[in-house]
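Numbering (the UniProt record's numbering), first residue to last: 1 to 181.
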């Protein structure tokens with residue numbers, strides 16, 4: 001009998017399979033956590049759980065690709081520091097709501113320029129603000145490819161069922177067809 005880690009790596013050769021298995025593990029971790037809750041009657045709870053699933057999908061995709069790409073490092077850095085930043089933003093938000101009532105509205109003259117296509121692309125790709133145009137185009141192509149793979153996995157039979165109304169139910173069937181890289 002082979003060790004467990006050998007069995008796991010046999011089924012996760014491609015990005016598609018690595019993403020699916022990591023995403024499934026993230027969903028199962030969410031199911032086990034107390035914060036995820038049981039009933040989905042509250043709209044706020046549903047939004048939070050949907051947001052957590054979205055974050056789990058992005059994190060799984062970045063981890064499946066690995067740290068060799070700039071966009072994966074930037075995305076993982078952003079997700080890692082998310083909790084710390086959110087705590088600061090919550091405090092700041094509460095303070096700013098109190099101060100808004102006290103402050104008078106000031107009119108500011110804003111000079112706007114139309115952002116170039118490159119600037120728009122830099123905002124779309126994680127970590128794109130620090131890249132030159134050649135690296136940006138290469139990273140964008142890879143990012144789009146990985147997003148397409150993510151969509152395929154989530155729409156295909158790899159993750160068969162996510163039932164938010166009755167709790168979370170997951171089933172994973174590894175892809176038998178050729179690998180998508």
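Just so it is clear, CB atoms sit at the ideal spot from N, CA and C, and this is done for glycine as well. As the structure is a prediction and not an experimental result, all values here were calculated from the model.
Local conformation of residue 17 per DSSP, three classes | helix
For the stretch 43 to 68, list the alpha helix (DSSP H) runs that are entirely contained and at least 4 residues long, ordered along the chain.
-> 43 to 65
Closest Cα partner of residue 140 within the set 16, 80 and 127 | 127
Range of the contiguous alpha helix (DSSP H) that encloses residue 122 = 117 to 124
Could you round the C-beta distance between residue 136 and residue 121 to whole angstroms and report it? I think they count as a contact, below 8 angstroms.
-> 6 angstroms
Residue 160 by DSSP, collapsed to three states: which one?
-> The predicted position of residue 160 is uncertain, since its pLDDT is 46 and thus under 50; no value can be drawn from it.
By the 10 Å Cβ neighbour count, where 16 or more other Cβ atoms means buried, how is residue 65 classified, buried or exposed?
-> buried
Helix, strand or coil at residue 128 [DSSP, three-state] = helix
Just curious, the alpha helix (DSSP H) that residue 152 is in, first and last residue?
-> 133 to 155
Between the CA atoms of residue 42 and residue 71 - distance to the nearest angstrom = 35 angstroms
Could you tell me which of 123, 18 and 32 sits nearest to residue 63, measuring between CA atoms?
-> 18
Please list, in chain order, all residues of the same chain as residue 82 whose beta carbon is under 6 angstroms from its beta carbon, the five residues on each side excluded.
-> none
With a CB to CB cut of under 7 angstroms and the five nearest residues on each side skipped, what residues in its chain are close to residue 22?
-> 60, 63 and 64
By DSSP, does residue 112 sit in helix, in strand, or in coil?
-> coil
Return the Cβ separation of residue 16 and residue 153 in integer angstroms, given the expectation that the two are a contact with Cβ distance under 8 angstroms.
-> 6 angstroms
Helix, strand or coil: which one does DSSP assign to residue 36?
-> Only weak support is given to the placement of residue 36: the predicted model assigns it a pLDDT of 48, under 50, and the value that follows is read from those uncertain coordinates. Of the three classes helix, strand and coil, the one that applies to residue 36 here is helix, per DSSP.
C-alpha gap between residue 143 and residue 116, whole angstroms | 20 angstroms
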